[in-house]
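**Q** Numbering (this note's numbering), first residue to last: 7 to 174.
Got a structure here, written out as structure tokens. Questions coming.
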């Protein structure tokens, strides 16, 4: 009910990670991630998906609200480095390093540990996942979901840049 907002707009964070071994559990947390914004200003009165569901598959069906802050990206995504710049601007410089990043890692590790016994351990293989987080007003990440085989294509400039860095 009280998500952290940027310019009165809801967002979530997509973080990719790899599991390369189930026993012993080995998780690789990708160094970059991205934020996905809603196209509409936040409201608890209006529960429309264009306000509350921030993934690109939903948001591409809606036009950006003409009254939203012009500092928000037209493609509704920020690279994590842009978010860190924003945190610096609002005087919350250390939140990324001390709260958000460790909290996302803790959420991912906890979720994978909870499902470890149901995972198939195959030698010389890996599984890619995408974890989605909401931030509370205290900046603490809340794990929303984990997707197997997340989309890794250039749907926006931000995802294009990150995909190129992943693929080398």
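The beta carbon of each residue, even a glycine, is placed where N, CA and C say it ideally should be.
1) Would you identify the three-state DSSP class for residue 143, choosing helix, strand or coil?
2) Does the separation of the CB atoms of residue 141 and residue 10 fall below 8 Å?
3) Less than 8 Å between the beta carbons of residue 31 and residue 134, yes or no?
4) Is there at least one non-hydrogen atom of the ligand NAD closer than 7 Å to the beta-carbon of residue 151?
5) Quick one: Cα of residue 111 to Cα of residue 33, how far?
6) Taking all protein chains shown into account, decide if residue 78 is buried (16 or more other Cβ within 10 angstroms of its Cβ) or exposed.
7) So, residue 102 versus residue 41, is the Cβ gap smaller than 8 Å?
8) If you draw a straight line from the C-alpha of residue 191 to the C-alpha of residue 81, how long is it?
9) In the DSSP output, which residue or residues are listed as bridge partners for residue 40?
10) Would you report the Cα separation of residue 124 and residue 136, rounded to the nearest angstrom?
11) Counting along the chain, where does the alpha helix (DSSP H) carrying residue 115 start and finish?
12) Once DSSP output is grouped into helix, strand and coil, what is the label at residue 126?
13) Among 153, 15, 62, whose alpha-carbon lies nearest the alpha-carbon of residue 76?
14) In terms of residue numbering, what span does the alpha helix (DSSP H) encompassing residue 98 cover?
15) Note down the Cα distance separating residue 121 from residue 73, rounded to an integer number of angstroms.
16) In terms of alpha-carbon separation, which member of 170, 35, 46, 145 lies closest to residue 64?
17) To the nearest angstrom, how far is it from the Cα of residue 162 to the Cα of residue 131?
**A** According to the structure data:
1) By 1-based counting over the chain shown, the position of residue 143 is 137. The answer is coil: DSSP assigns residue 143 none of H, G, I, E or B.
2) Position 135 of the chain shown, counted from the first residue, corresponds to residue 141. Position 4 of the chain shown, counted from the first residue, corresponds to residue 10. Taking a C-beta distance under 8 Å as the contact criterion, residue 141 and residue 10 qualify as a contact pair.
3) What you label residue 31 is simply residue 25 of the chain shown in a count that begins at 1. What you label residue 134 is simply residue 128 of the chain shown in a count that begins at 1. Not in contact: residue 31 and residue 134 (Cβ atoms no closer than 8 Å).
4) With respect to small molecules bound, the structure shown includes none, and the ligand NAD cannot be examined in it.
5) The sequence position of residue 111 within the chain shown is 105, counting from 1. The sequence position of residue 33 within the chain shown is 27, counting from 1. CA-CA distance, residue 111 to residue 33, rounds to 10 Å.
6) Here the question's residue 78 lines up with position 72 in the chain shown. With 16 or more other Cβ atoms within 10 Å, it is buried.
7) Counting from 1 along the chain shown, the entry for residue 102 is found at position 96. Counting from 1 along the chain shown, the entry for residue 41 is found at position 35. In terms of Cβ geometry, residue 102 and residue 41 do not form a close pair [threshold 8 Å].
8) In the structure displayed, the chain extends from 7 to 174; residue 191 sits before or after that span and is not available.
9) Against the chain shown, residue 40 aligns to sequence position 34. 20, 85, per the DSSP bridge assignment.
10) The count along the chain shown starts at 1 and reaches residue 124 at position 118. The count along the chain shown starts at 1 and reaches residue 136 at position 130. Rounded to whole angstroms, residue 124 to residue 136 spans 18 Å at the Cα level.
11) What you label residue 115 is simply residue 109 of the chain shown in a count that begins at 1. Run containing residue 115: 107 to 121, per the alpha helix (DSSP H) assignment.
12) Indexing the chain shown from 1 puts residue 126 at position 120. Of the three classes helix, strand and coil, the one that applies to residue 126 here is coil, per DSSP.
13) Counted from its first residue, the chain shown places residue 76 at position 70. Nearest option by C-alpha distance: 15.
14) Reading the chain shown from its first residue, position 92 is the one you call residue 98. Taken as a continuous stretch (DSSP letters only), residue 98 belongs to no alpha helix (DSSP H), as it is neither H nor E.
15) Here residue 121 refers to the residue found at position 115 when the chain shown is read from its first residue. Here residue 73 refers to the residue found at position 67 when the chain shown is read from its first residue. Distance between the alpha carbons of residue 121 and residue 73 is about 43 Å.
16) Position 58 of the chain shown, counted from the start, is the residue given in the question as residue 64. Minimum Cα distance to residue 64 is reached at 46.
17) For the purposes of this step, residue 162 is identified with residue 156 of the chain shown, where counting begins at 1. For the purposes of this step, residue 131 is identified with residue 125 of the chain shown, where counting begins at 1. C-alpha separation (whole angstroms): 29 Å.
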